[in-house]
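Trainee: Numbering follows my numbering, with no gaps: position 97 of the sequence shown is 119.
We put the beta carbon where it would ideally sit given N, CA and C, even for glycine.
It should be emphasised that the depicted structure is a prediction, and the values quoted were computed from it without experimental measurement.
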Amino acid sequence: MGRSADRTTLSSLTAQFLAVLALDDYALELGEAFSPPRGDYLPRVFFADPDGTLRMDVINQAGNDSSAPYYYATAQEVVDTMRRFLRQHWEGLGTDAFPGDLAADI
23 MGRSADRTTL SSLTAQFLAV LALDDYALEL GEAFSPPRGD YLPRVFFADP DGTLRMDVIN
83 QAGNDSSAPY YYATAQEVVD TMRRFLRQHW EGLGTDAFPG DLAADI
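1. Which whole-angstrom value describes the C-beta separation of residue 91 and residue 81, a residue pair presumed to lie in contact below a C-beta threshold of 8 Å?
2. Cα-Cα, which of 69, 65, 75, 93 is closest to residue 213?
3. I need the boundaries of the alpha helix (DSSP H) containing residue 109, first residue and last residue.
4. Within 10 Å of its beta-carbon, does residue 35 have 16 or more other beta-carbons around it, so buried, or fewer, so exposed?
5. For residue 76, which three-state DSSP category applies?
6. Please classify residue 42: is it buried, with 16 or more other beta-carbons within 10 angstroms of its beta-carbon, or exposed?
7. Is the separation between the beta-carbon of residue 67 and that of residue 101 shorter than 8 Å?
8. From this set, 89, 108, 85, 109, which residue's C-alpha is nearest residue 98's C-alpha?
9. Under a three-way DSSP split, which group does residue 37 fall into?
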């Protein structure tokens, strides 16, 4: 997927998520939940369930640095994790209400 396509897909998938930007100094005020072990690098992307529970198990599986599991070097890495998270979420609900196989833009 090219850079433009990566960004288009990322933009399309974000409609399924609530994004929060926490700047470095503000993240410190959020407490330990946003400062996990090995979490002293930026930028980081965390995923949470609809009830706000952080899913620390959702990491960048394509990442090359095991000491930075929440770092995403490319838009495609974020897209792949978003799709995996959505798939897990909908399967956890026991529904097939989510359209398609998540292989294409929504």
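Mentor: With the given structure in hand:
1. The sequence position of residue 91 within the sequence shown is 69, counting from 1. The sequence position of residue 81 within the sequence shown is 59, counting from 1. 4 Å between Cβ atoms; contact.
2. Because the chain in this structure spans residues 23 to 128, residue 213 falls outside the shown range and cannot be described.
3. Taking the sequence shown and counting its residues from 1, the one referred to as residue 109 is at position 87. Counting along the chain, the alpha helix (DSSP H) containing residue 109 begins and ends at 97-114.
4. Taking the first residue of the sequence shown as position 1, residue 35 is located at position 13. Buried, because 16 or more other Cβ atoms sit within 10 Å of the Cβ of residue 35.
5. The residue labelled residue 76 in the question sits at position 54 within the sequence shown. Here DSSP, grouped into helix, strand and coil, assigns residue 76 to strand.
6. Residue mapping note: residue 42 aligns to position 20 of the sequence shown, counting from 1. Flag for residue 42 reads exposed.
7. Position 45 of the sequence shown holds residue 67. Position 79 of the sequence shown holds residue 101. Cβ atoms of residue 67 and residue 101: not closer than 8 Å.
8. The sequence position of residue 98 within the sequence shown is 76, counting from 1. Checking every option, the nearest Cα to that of residue 98 belongs to 85.
9. Here residue 37 corresponds to residue number 15 of the sequence shown, with the count starting at 1. Residue 37: helix per DSSP, three-state reduction.
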